[in-house]
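Chains as they are written, first to last, in the working numbering: chain B, 812 to 1016; chain U, 812 to 1016. Using N, Cα and C, we set each Cβ at its ideal position, and we do this for glycine too. Heads up, the thing below is written out as structure tokens.
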DNA sequence: GATTAAATCTAGTACACACTAGAAAAGTCA
DNA sequence: TGACTTTTCTAGTGTGTACTAGATTTAATC
């Protein structure tokens, strides 16, 4: 492997880490360079601009999130219970974004603070990711497992929102794991907080 | 009313509007000044720094959100169904943050992109707001209306998260209103998406 | 209308940022 | 070793930012 490739990877990693924890504005080319012991100008040998670098990090982030959810769903195999599919997807998302690496976290963390160009660049990626969830919900409603009196788009965005916002408070330090957060989102959003509902199994957290 | 008070209010309004739509970084002192037809330096006659100005806007935002929820709960009066209280609070929050003015929106929108000083300054305010929800959930669990096998902190943060994230996608232009979003969050989080659950009443959206 | 106070403007400073040009160093391979 | 390529550094530029100092205008008061 060429030295250039290793350095390039170091830059991407440092950028992902900074984006995930400090956000877009606080992630400066200089701070990235310092993290890996370089001068800021040297970054430009590998990337033509800050936004190209950030864009690449975000691309990797969406790819990893999609892969995580797709893979979790693929492992279901024979099981065709739409509720279980939703549960598996929710937990996979939670683990990817909260417990996983910096790349998916960078994605969620910087959502809403990116310059217009970058926002536009990732619109398609977000749409594709949203479609995974659209299908999960459609399957559930059409099979009769999920109620059909709610707006599906709104429902989808609420589920994703509950998961994405968790990045603002989840710190991974307590005894609540990323999977726990996913399980809670599933329990609430699918089974509901109300007592005496069917489909509920005690959750120990 | 003194002219100074009117100008001060104009500055606050313009700042709230900019924060709510453009975020913290894109809200520059110059852009605020331009909005109200002033020179940027003139802002400093009314506020000692950008962050003091922003801090005041955020204070107003939290105050309005708290008032909206408190007032909605107060109007319940005799009704002591914890689920109904939760429903009313959720819808009030949704309307305050999504359908309401720029101040509460500025609060949610800039969450996570503020400099450390401002983040710290508003920690207490957020804690107070969170306590409203803590009590709502505690009441529900202790009265037996809500299940007690879930982590209440996590549940609280998931509800707030679902509502807060809505600011990223809700545009108020379609036929879905802010109250609709609140109703959906309530339906999902309390009654659940599963079909054939009790407590469910058809929602038309 | 003159005097004082309030409010705004003009013209700057200092600094952090993304980014560039060209020299220097480090690595590669005959 | 020496010629060549790849990579990094030094030393800058230009721009946008928050913010300041002091002059100037506008409003209030007697």
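Of all residues in the stretch 851-878 of chain B, none comes within less than 9 Å of chain U when Cβ atoms are compared.
Taking CB atoms only, residue 904/U has no neighbour in chain B less than 9 Å away. Segment contact: the stretch 896-908 of chain B against the stretch 874-888 of chain B, three or more CB-CB distances shorter than 8 Å; contact assigned. 9 Å or more divides the Cβ of residue 992/U from the Cβ of residue 1006/U. Contact check for residue 831/U against residue 843/U fails: the beta carbons are separated by 9 Å or more.
Linking residue 838/U to residue 892/U through their CA atoms gives a straight-line distance of about 43 Å. Taking 9 Å as the cut-off, the Cβ atoms of residue 968/U and residue 894/U do not count as close. The three-state reading of DSSP puts residue 828/B in helix, counting H, G and I together.
Runs of the alpha helix (DSSP H) lying entirely within the stretch 941-991 of chain U, each at least 4 residues long, are 963-976 in chain order.
Here residue 823/B is not near residue 951/U, since their CB atoms are 9 Å or more apart. With the criterion set as a beta carbon lying under 7 Å from some beta carbon of chain U, the members of the stretch 976-987 of chain B are 976, 977, 979, 980, 987, in sequence order.
Judged by beta-carbon spacing, residue 921/B lies within the 9 Å limit of residue 834/B, meaning their Cβ atoms are closer than that value. Residue contact check for residue 962/U against chain B: a CB pair falls below 9 Å. Contact between residue 961/B and residue 998/U holds, with the beta-carbon distance rounding to 6 Å and staying under 8 Å. Residue 829/B is classed as buried because its beta carbon has at least 16 other beta carbons within 10 Å across all chains shown. By the rule that beta-carbons nearer than 9 Å mark a contact, residue 995/U touches chain B. Between the alpha carbons of residue 890/B and residue 906/B lies a distance of about 21 Å.
Only residues of its own chain outside the window of five on either side were considered, and among them 826, 858 have a CB closer than 6 Å to the CB of residue 864/B, listed in chain order. 834, 836: these are the residues of the stretch 814-847 of chain B whose beta carbon lies less than 7 Å from some beta carbon of chain U, given in chain order. Chain U has no Cβ within less than 9 Å of the Cβ of residue 929/B. In the structure shown, residue 860/U falls within a coil segment according to DSSP collapsed to helix, strand and coil.
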